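Numbering (the numbering used here), first residue to last: 13 to 186.
Quick reminder that beta carbons are idealized off the backbone N, C-alpha and C, glycines included.
It should be emphasised that the depicted structure is a prediction, and the values quoted were computed from it without experimental measurement.
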Amino acid sequence: MSNFEWPKFGRNKKTPKETTPEWVFELEKQFAEDTAKFKAHINKLKDELHKINVGIKSTNETLKSSNALMASATARMASARECIASCSTKIESATLKKELALKEMNEIQTKINKTKAYREETDKYWNDLINKEIEKQCTSRQDRCSKIITLNSSIKRLNNNNDHNHKHTQTKKK
Numbered sequence: 013m014s015n016f017e018w019p020k021f022g023r024n025k026k027t028p029k030e031t032t033p034e035w036v037f038e039l040e041k042q043f044a045e046d047t048a049k050f051k052a053h054i055n056k057l058k059d060e061l062h063k064i065n066v067g068i069k070s071t072n073e074t075l076k077s078s079n080a081l082m083a084s085a086t087a088r089m090a091s092a093r094e095c096i097a098s099c100s101t102k103i104e105s106a107t108l109k110k111e112l113a114l115k116e117m118n119e120i121q122t123k124i125n126k127t128k129a130y131r132e133e134t135d136k137y138w139n140d141l142i143n144k145e146i147e148k149q150c151t152s153r154q155d156r157c158s159k160i161i162t163l164n165s166s167i168k169r170l171n172n173n174n175d176h177n178h179k180h181t182q183t184k185k186k
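Take a look at the structure:
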């Protein structure tokens, strides 16, 4: 604060009371009231200014804290970006491996299907060959059986004829 003092009117020791006009006292009184109001208003403004300064200090502290948090968050975001990039690379690598594995699996499945088809053809060929051989052998057996039956029939007939002839000849001899 300054050391300024307002001049005091009216009550000068050198001047007697009677010589000072009344309006000076009224002005002095009015001046004192206005000065008191002015001082009260200045004190109120000082209090408000103090509150504003306290708020500014608090805001500055909050800003410092926010800046520190922002720096920390920025660092964490940078770290997270690195992790995301690493994960993306791993996912891309795994996707490529999966695609290669699927391609290889499809190639193997194609080979399996071809092998099954070849096996079916081979089995059919051998089964047909076996069935023809069985048929051939059965036909051959049937032919032999037929021949044997025919031969047996012929032998029986001959035997019957011989028996008949033999009986006939014996009857003639008697």
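Measuring only the C-alpha atoms, how far is Thr127 from Glu94?
49 angstroms
Enumerate, from N- to C-terminal direction, the unbroken beta strand (DSSP E) stretches of 3 or more residues contained entirely within the stretch 96-121.
none
Compute the Euclidean distance between the alpha carbons of Glu145 and Arg131, then round it to the nearest angstrom.
21 angstroms
Closer than 7 angstroms by C-beta to Thr107: which residues in its own chain qualify, once you throw out the five before and the five after it? Chain order, please.
none
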